Amino acid sequence: MRVTNQMMINTFRRNLSSSMREMDRLQEQLSSGRQINRPSDDPVGLTYALRLRTNLTENDQYQRNVSDGLTWLENTDSALNEAGQALQRARELAVYGANGTHSQESLDAIAREVAQIRQHLEAVANTEVAGRYLFAGTKTTTKPYDNGTWQGNTAVMKYEIGPGVTVPVNVSGAEVFGDNTDSVFKALSDLESKLLAGDTAGVSAQIGVIDQWLNKNQSIRAEVGARTNRFQLAQSRLEDGYINFSTLLTKTEDIDTAKVITELKMQEEVYRSALAAGARIIQPTLVDFLR
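No gaps in the numbering here: position 76 of the sequence shown is 76 in the UniProt record's numbering, and each next residue is one more.
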């Protein structure tokens, strides 16, 4: 097959055009800092990058859920601790008032302190965090207790902390403080009444009732602690996942600057060599034409 000058010129043009496109691609990568600037650059890499971005978005939402859940649980634990201390003080007062050696004046003073504890416990039961009541169930904008009357519900609030993984975060006030049938407020009100009446036997009987509420408090607090540990483990896992996804995305999308610069310099050399070779091909053709 005879190779004509025109064939060589066409080959030169194709090679030169290819070299220019490659230089443009490398220069665009240096300018953007990314390997993939359009789908045609790397369809498989683009699909992988989009999947990683979805993973990062989901991870970010789970981390927000975990953070919010931990705030809720930590405040719940703090309120339960405060309630437990108040109940323990009420028990001490009941034991003190039940020994039958105190004057009615002393019992009245104890009753007044019990009344203060009851009011304090209601304030604890109505604890708010960021405008939401901790112990109102899902009725987070409704004060759970109004003068000892239960107004919340026992519905469970669950947070998603991973794909298909939900964990309850709330504790209903009905579990901790009681409802309109039986409550810690009624127990303390009864204790106060027995003290004011000088009924030391009745005061003694209230010690067992207070112990039941103390046991409930401790049991629920242990459950809250277990949930807190689970959220903390999820937080650590999600933080590690975020780092892994981000690293993989960087490897997929971002360029190795030094490598791209080296490739660009090599491509520029290829381009110059192609120009030089083309000049040798084209020059005789022009001379021949002029002849």
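Where is the CB? At the ideal position from N, CA and C, for every residue including glycine. Note that the structure is predicted; figures quoted are calculated from it, not measured.
{"Query": "Cutoff 8 Å: R51 Cβ touching any chain D Cβ", "Result": "No chain D appears in the structure shown, which is made up of a single protein chain."}
{"Query": "Run of the beta strand (DSSP E) containing G162, from where it starts to where it stops", "Result": "K158 to G162"}
{"Query": "Range covered by the beta strand (DSSP E) that runs through V165", "Result": "V165 to P168"}
{"Query": "Identified DSSP bridge partners for G178", "Result": "S183"}
{"Query": "Separation of W150 from D179, as counted between CA atoms", "Result": "5 Å"}
{"Query": "Three CB pairs or more closer than 8 Å across the segment 155 to 168 and the segment 121 to 131", "Result": "no"}
{"Query": "Check whether D108 and L191 have beta carbons under 8 Å apart", "Result": "no"}
{"Query": "A83 classed as buried or exposed, judged by whether at least 16 other C-beta atoms fall within 10 angstroms", "Result": "buried"}
{"Query": "DSSP-derived helix/strand/coil call for D68", "Result": "helix"}
{"Query": "With 16 other Cβ atoms within 10 Å as the buried cut-off, status of R291", "Result": "In this predicted model, R291 has a pLDDT of only 49, less than 50, meaning its place in the structure is not dependable; the value taken from the coordinates is given anyway. With fewer than 16 other Cβ atoms within 10 Å, it is exposed."}
{"Query": "P168 classed as buried or exposed, judged by whether at least 16 other C-beta atoms fall within 10 angstroms", "Result": "exposed"}
{"Query": "Other residues of its chain near A115: CB distance less than 7 Å, five sequence neighbours each side excluded", "Result": "E192"}
{"Query": "Test item: CB-CB of S106 and G148 under 8 Å", "Result": "no"}
{"Query": "Residues of its chain near N65, where Cβ-Cβ distance is below 8 Å and the 5 sequence neighbours each way are ignored", "Result": "Y159, E160 and I161"}
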